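For reference, the structure discussed in these notes is given below.
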Amino acid sequence: MVRVEKLLEQMRQRPAGWRFEEVERVLTANGFELKNQRGSDRMYKHDASGVRVFLSWHGSGRVDSSYVKRAVKAIEQSQRIP
1 MVRVEKLLEQ MRQRPAGWRF EEVERVLTAN GFELKNQRGS DRMYKHDASG VRVFLSWHGS
61 GRVDSSYVKR AVKAIEQSQR IP
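As structure tokens, this is what we get:
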């Protein structure tokens, strides 16, 4: 779990250049599950809080920084809700 926390902190500081697998690993380690997929768009949901986040993967291997920022924000929101 320490590795995932370290990744999350690095994503907060530098949201550009992350691989899709890394962002997905941080989301799933924080309680998010893949709920829906349509083409390259994937929706992850945190069941306890109801927070959702969308990621788009286009085969380049890297996730756009705007999606990383949204993922970090969704994780923070899910941790605030009891």
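Under my numbering, the first residue of the sequence shown carries the number 1, and numbering increases by one thereafter. Here a beta-carbon is modelled for each residue, glycine too, at the ideal position from N, C-alpha and C. Note that the structure is a prediction, hence the values are computed from the model and not measured.
Looking at C-alpha atoms only, which residue of Phe32, Ser49, Ala29 and Glu24 is the closest neighbour of Ser56?
-> Ranked by how close their Cα comes to the Cα of Ser56, the residues Phe32, Ser49, Ala29 and Glu24 have Glu24 in first place.
Next on the checklist: Give me, in chain order, the residues of the same chain whose beta-carbon lies closer than 7 Å to that of Leu34; leave out the 5 immediate sequence neighbours on both sides.
Outcome noted: Non-local beta-carbon contacts of Leu34 in its own chain, meaning distances under 7 Å to residues more than five positions away in sequence, involve Arg42 and Tyr44 in chain order.
Open item on the list: Classify Val53: buried if its beta carbon has 16 or more other beta carbons within 10 angstroms, exposed otherwise.
Closed with: Val53 should be labelled buried.
Just the C-alpha distance for Ala71 and Leu8, rounded to the nearest angstrom, thanks.
Between Ala71 and Leu8, the C-alpha separation is close to 10 Å.
Q.
Restricting to Cα atoms, I'd like to know which of Gln10, Phe20 and Arg12 is closest to Ser60.
A. Phe20 is the residue among Gln10, Phe20 and Arg12 whose C-alpha sits nearest the C-alpha of Ser60.
**Request:** Evaluate Ala16 with the Cβ neighbour count: other Cβ atoms within 10 Å of its Cβ, from every protein chain shown; 16 or more gives buried, anything less gives exposed.
**Result:** Exposed.
request  = Note down the Cα distance separating Lys6 from Gly39, rounded to an integer number of angstroms.
outcome  = Distance between the alpha carbons of Lys6 and Gly39 is about 30 Å.
Next item on the list: Look up Arg14 in the DSSP assignment and say whether it is helix, strand or coil.
Entry: The answer is coil: DSSP assigns Arg14 none of H, G, I, E or B.
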